[in-house]
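Worksheet: one structure, shown below.
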Amino acid sequence: MPMLATQIAADKTPGLEKREKESHNAVKRSSSNLKKLFTKALRSTGVKSIFKSKTKPPKTPIDVVCRSTFLLASLDSFEDNVDPKRFDKMQELDSLLHEMKSILYGSNECEPAVEACAQLTQELFRDNTLRLIILCLPKLNLEARKDATRIVANLQRQPVNSRLIASDYLEANPDLMDHLVSGYDDPGLALHYGAMLRECIRHQVVARYVLRSEHMKRFFDYMQIPEFDVAADATATFKELMTRHKSTIAEFLFENYDWFFTEFNAKLLESANYITRRQAIKLLGDILLDRSNSPVMTRYVSSKDNLRILMNLLRESSKNIQLDAFHVFKLFVANRNKPSDIVNILVANRSKLLRFFASFRIDKEYCLFAEDEQFEADKAQVVKEIAELEAIGPLFSGELHKFPPTPTASGELYKTPTACIRQLI
């Protein structure tokens, strides 16, 4: 018969009950001792440091530049894998460049601090870190290159004690401009170096150095590089060089007229590439219509070879090229001291030119009313000038085409521009 629980408890001997009680007390004492030991351990300095979050003090601009300079100067050892911690140090350098960019540009949460920007700028030039950033660019990864590009660009605008110290630094280190221009030889670096270069030539002294260097001739080739983005970037830099500093450009063009426009005409205006021609004629208009370049403009519009190029551009099927070519062509017509060669070319082609201008229109949907009015006024003046021209001496081009009577509705005067002047000289 099964035993009841009360019977089992009653059958326990006194000794067994005593041992169980002692064992229970021992467990309680052990638990209490462990709790005391654990509490004591938590209060100790060593364990505190494990659980307490370590918050390093923020780096100052001086700290950032100092460490970056060291790592940039040590990049050669990273490249040769001599340093076993190469990966860690490259990551640290990436982080430091990003931190520099954040100081200069600010973040989503805060605007850049003027004092921190000035301090960082001063340190970057003082320690020649700018030079290291430019020279070491090929060794950086893509994101670090982007940060480096923005840093160099921003530094050109950062004042220190109300002065752009970047201008003085670059004037004393012109070889850096040689390095930046040569960057167009490497498609992987061209866009980064091009962006830096355009910011640097904001300083007139830097632009003057580049204009007077042998690098200017290289731009005519850079603008025709097969890689479209590189060619477009080189064109943007060239335009910046040719339009930003008026007095410097006027002086350069006056002193270098012959070789410059020989290259400009042959490699740009007469290029087989449509985009190159379009950008070139637009830039030519910007140059010649600038009053600072009046002597250069007078010389350019006195050349029959230049006139022939412009008349060929008027034959383009592109309305944009035709319009930009017209703005330069009208300078030849408006010149009050036209050489006999210019007069005779215009007279010999008078009939064709007038038929062309009779149908030459701006697409009104793409222009403002004021632009359309100005264009029509300019065109009317050009037509009047050509109609009133008289040949000087015998015409070298053969039969003189008589100026037609008042335009009729026959349709002949309203042919497409290309068809109208297909046979221009």
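All letters in the sequence shown, in the order written, are residues 0 to 424 by numbering that gives the first Met the number 0. C-beta: ideal position from N, C-alpha, C; glycine also.
Problem - Coil, strand or helix - Val-300 by DSSP - result: coil
Handout entry: Minimum length 3: unbroken beta strand (DSSP E) runs contained in the stretch 106-175
Key = none
Problem - Test item: CB-CB of Ala-147 and Asp-93 under 8 Å - result: no
Exercise for the section: Reducing DSSP to helix, strand and coil, say where Arg-66 ends up. Expected result: helix
Problem - Counted within 10 angstroms of its Cβ, other Cβ atoms place Pro-137 as buried (16 or more) or exposed - result: exposed
Practice task
Please state if the CB of Arg-156 and the CB of Ala-206 are separated by a distance shorter than 8 Å.
Solution key: no
Exercise for the section: Could you say if the stretch 270-278 and the stretch 303-310 meet the contact criterion of at least three C-beta pairs nearer than 8 Å? Expected result: no
Problem - His-244 (DSSP reduced to helix, strand or coil) - result: coil
Problem - Ser-212 versus Phe-259, Ala-231, Gln-90, residue with shortest Cα-Cα distance - result: Phe-259
Practice task
Could you check the C-alpha separation between Phe-331 and Asp-184 for me, to the nearest Å?
Solution key: 38 Å
Practice task
Kindly provide the ranges of any alpha helix (DSSP H) runs that are 4 or more residues long and lie completely inside the stretch 283-365, ordered along the chain.
Solution key: 293-299, 303-313, 318-333, 339-347, 349-357
Exercise for the section: Please report how far the alpha carbon of Lys-444 lies from the alpha carbon of Asp-323, in whole angstroms. Expected result: Nothing can be reported for residue 444: it is not among the residues displayed for the chain, which extend from 0 to 424.
Exercise for the section: Give every residue of the same chain whose Cβ lies closer than 8 Å to the Cβ of Ala-279, excluding the five residues on either side of it in the sequence, and list them in chain order. Expected result: Phe-263, Leu-267, Leu-268, Ser-270
Problem - Reference Asn-319, options Phe-359, Asp-232, His-191, Ile-248, closest by Cα - result: Phe-359
Practice task
Just tell me which of Ser-293, Glu-226, Ser-73, Ile-102 has its CA closest to the CA of Ser-246.
Solution key: Ser-293
Handout entry: Per-residue DSSP class, three states only, for Ile-424
Key = Interpretation of Ile-424 is limited by its pLDDT of 42, a score under 50 that renders its predicted location unreliable; no figure is taken from the coordinates.
Practice task
May I have the straight-line CA-CA distance separating Arg-314 from Phe-325, to the nearest angstrom?
Solution key: 11 Å
Exercise for the section: Look at the Cβ atom of Leu-288, then the Cβ atom of Tyr-299, and state whether they are nearer than 8 Å. Expected result: no
Practice task
Report the rounded CA-to-CA distance for Ile-61 versus Arg-277, giving the unit in angstroms.
Solution key: 48 Å
Exercise for the section: Classify Asn-305 as buried or exposed, calling it buried when 16 or more other Cβ atoms lie within 10 Å of its own Cβ. Expected result: buried
Exercise for the section: Check each candidate in Ala-112, Lys-58, Asn-140, Asp-285 and name the one with the smallest Cα separation from Leu-74. Expected result: Asn-140
Exercise for the section: Note down, in chain order, each residue of its chain lying with its Cβ closer than 6 Å to the Cβ of Ala-117, except the 5 sequence neighbours on either side. Expected result: Val-159
Handout entry: Buried/exposed call for Ser-106, threshold 16 Cβ in 10 Å
Key = exposed
Practice task
Tell whether a beta-carbon distance below 8 Å holds between Ile-164 and Thr-234.
Solution key: no
Exercise for the section: Whole angstroms is fine: what's the gap from Ala-230's alpha carbon to Leu-103's? Expected result: 30 Å
Practice task
Identify which residue in Phe-237, Leu-96, Tyr-208 has its Cα closest to the Cα of Ile-133.
Solution key: Leu-96
Practice task
Can you tell me the Cβ-Cβ gap for Leu-353 and Val-382, rounded? I've got them flagged as a contact below 8 Å.
Solution key: 6 Å
Problem - Residue interval of the alpha helix (DSSP H) (run including Arg-207) - result: 203-211
Exercise for the section: Specify, as a first and last residue, the run of the alpha helix (DSSP H) that Glu-91 falls within. Expected result: 85-104
Practice task
Could you check which residue in Arg-130, Gly-182, Arg-149 has the C-alpha nearest to that of Ala-171?
Solution key: Arg-130
Problem - Pair within 8 Å by beta-carbon distance, Leu-154 and Leu-123 - result: yes
Handout entry: DSSP three-state assignment for Pro-225, whether helix, strand or coil
Key = coil
Exercise for the section: Give the straight-line distance between the Cα atoms of Arg-85 and Leu-169, rounded to the nearest whole angstrom. Expected result: 31 Å
Handout entry: Euclidean distance between Cα positions of Ala-333 and Ile-341
Key = 11 Å
Practice task
Would you mind sorting Glu-108 into buried or exposed? The rule is 16 or more other CB atoms within 10 Å of its CB.
Solution key: exposed
Problem - Cβ pair Ser-316, Gly-392 closer than 8 Å - result: no
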